[in-house]
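Structure first, commentary second.
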Amino acid sequence: MKIKFIALLLALASTAGLAQEDSIPKIVSNPANDFCLSCHANRYYTYANQDSSQTIRHKMFKDLIIDTLEFYQNNHKSFACTDCHSSEYNTLPHKSDLKLEPMLSCLDCHGDSEFMPGLNFQTITDEYAKSVHATREKSHTNCWSCHNPHSYRITTRSQHNLSEIVAYDNSICLECHSGMGKFDLLYGDPKSTLIAKHAWLPNAINHFKSARCIECHTEIREDMLVAHNIRPKEEAVKTCAACHSADSRLKHTLYKYQLQQDREEQGVIKALVSNRMMAVGTNPSPFLNLVSLILFAMAIGGVIIHSLIRIFKK
747 MKIKFIALLL ALASTAGLAQ EDSIPKIVSN PANDFCLSCH ANRYYTYANQ
797 DSSQTIRHKM FKDLIIDTLE FYQNNHKSFA CTDCHSSEYN TLPHKSDLKL
847 EPMLSCLDCH GDSEFMPGLN FQTITDEYAK SVHATREKSH TNCWSCHNPH
897 SYRITTRSQH NLSEIVAYDN SICLECHSGM GKFDLLYGDP KSTLIAKHAW
947 LPNAINHFKS ARCIECHTEI REDMLVAHNI RPKEEAVKTC AACHSADSRL
997 KHTLYKYQLQ QDREEQGVIK ALVSNRMMAV GTNPSPFLNL VSLILFAMAI
1047 GGVIIHSLIR IFKK
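Numbering (the numbering used here), first residue to last: 747 to 1060.
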């Protein structure tokens, strides 16, 4: 069991690594952040004690260390630290009362629908409020629990390939639910691995590499690109036909954005013919799709012609 779990983690890590190697972005740093990152990008920091004139060296708290490579690839990469944090942090050593600074929420910036048209953050917030993450008594989670403001980047609305999207999004879930994740260590059973919990699922590792956790663990809404209403484990999808059918659940989740783009760029008919997003169990042949559409058009045309002939004969 342990070997299988390790194999899963290695598979997900290698998938993400290969995808990233294919498209390594050019990193552009923001000089306005150099002062903050001179400490927060390192495991240790130093400052001058004004009373003793000594240089003090301390270990940086793990959660306060910023990975600069991740930061300058994330959604907030153009921001200065003081866009979100008090400008008083520019004074060293920091004042102790700054720890009481209220943390911004997503809606503080994204509450205005005009700010990012097409992304309804209020609906996302409302859906999350109904999820098991928000309603569970001991969870104490918020937006930042999954979407770290210093590293999170959107993969769904991008040109990333599906394997990278799956690997990146699932890695967020694994932060807590890997069996040795934060949630499992605090409230669950660390010995109960992801493989053990999904023992009912055939070829579980292949599923984890090809689909995101949220495909089966969320309630789908057609007006949302990514569902945020995480359901209790008892309500998780456990039927093969939910994904492996003509009306695959994946078309309303993982493949949704790409299918929308195909329809906008190619038109509905061409998108249906090419249909590059396929789940096992559906018809994967564009040629057969074209033949089916032609036969359907011929059948409709035949009915129309037959009706017209009968009308004119009268």
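C-beta atoms are modelled at their ideal positions from N, C-alpha and C, and glycine is treated no differently.
Using DSSP's beta-bridge definition, name the partner residues of residue i.
{"i": "H896", "result": "According to DSSP, which records beta bridges pairwise, H896 is partnered with nothing at all."}
{"i": "K805", "result": "Y790"}
{"i": "I976", "result": "T964"}
Can you give me the start and stop residues for the alpha helix (DSSP H) that residue i sits inside?
{"i": "D854", "result": "852-856"}
{"i": "Y874", "result": "867-875"}
{"i": "N916", "result": "908-923"}
{"i": "F817", "result": "814-817"}
{"i": "T881", "result": "878-881"}
Apply the 10 Å Cβ neighbour rule to residue i and answer buried if 16 or more other Cβ atoms are within range, or exposed otherwise.
{"i": "D969", "result": "exposed"}
{"i": "H974", "result": "buried"}
{"i": "Y790", "result": "exposed"}
{"i": "T939", "result": "buried"}
{"i": "A1043", "result": "exposed"}
{"i": "K997", "result": "buried"}
{"i": "A765", "result": "Since pLDDT at A765 reaches only 46, below the 50 mark, its modelled position is unreliable, and the value read off the structure follows with that caveat. Result: buried."}
{"i": "D768", "result": "Reliability of the predicted coordinates at D768 is poor, the pLDDT of 47 falling under 50, and no value is obtained from them."}
{"i": "I960", "result": "buried"}
{"i": "L1054", "result": "exposed"}
{"i": "E981", "result": "exposed"}
{"i": "C919", "result": "buried"}
{"i": "I1046", "result": "exposed"}
{"i": "C827", "result": "buried"}
{"i": "S924", "result": "buried"}
{"i": "L1000", "result": "buried"}
{"i": "A913", "result": "buried"}
{"i": "F817", "result": "buried"}
{"i": "C922", "result": "buried"}
{"i": "H1052", "result": "exposed"}
{"i": "V972", "result": "buried"}
{"i": "T964", "result": "buried"}
{"i": "I1050", "result": "exposed"}
{"i": "A795", "result": "Sequence inspection shows Asn at residue 795; the Ala mentioned does not correspond to that position. So N795 ends up on the exposed side."}
{"i": "T901", "result": "buried"}
{"i": "N821", "result": "exposed"}
{"i": "R903", "result": "exposed"}
{"i": "E873", "result": "buried"}
{"i": "F954", "result": "buried"}
{"i": "H804", "result": "exposed"}
{"i": "I1057", "result": "exposed"}
{"i": "N916", "result": "buried"}
{"i": "A957", "result": "buried"}
{"i": "N836", "result": "exposed"}
{"i": "S824", "result": "exposed"}
{"i": "S833", "result": "exposed"}
{"i": "I1086", "result": "The requested residue 1086 does not occur in the structure, where the chain is confined to residues 747 to 1060."}
{"i": "S877", "result": "buried"}
{"i": "D809", "result": "exposed"}
{"i": "D780", "result": "exposed"}
{"i": "H886", "result": "exposed"}
{"i": "C709", "result": "As displayed, the chain neither begins before 747 nor continues past 1060, which places residue 709 out of reach and without an answer."}
Are the C-beta of residue i and some C-beta of chain C separated by less than 8 Å?
{"i": "E873", "result": "Absent from the structure is chain C; it holds one protein chain and no more."}
Counting only runs that start and end within the stretch 940-967, where is the alpha helix (DSSP H) found for 4 or more residues in a row? 940-943, 950-956, 960-963
Do the stretch 896-915 and the stretch 993-1005 meet, that is, are 3 or more Cβ pairs less than 8 Å apart? yes
Please determine if the stretch 834-852 and the stretch 946-965 are in contact, where contact requires at least 3 C-beta pairs separated by less than 8 Å. no
Is it the case that the stretch 990-999 contacts the stretch 885-893, given that we only count it when at least three CB pairs across the two stretches are under 8 Å? no
For the stretch 777-790 against the stretch 804-820, are there 3 or more C-beta pairs whose distance is under 8 Å? yes
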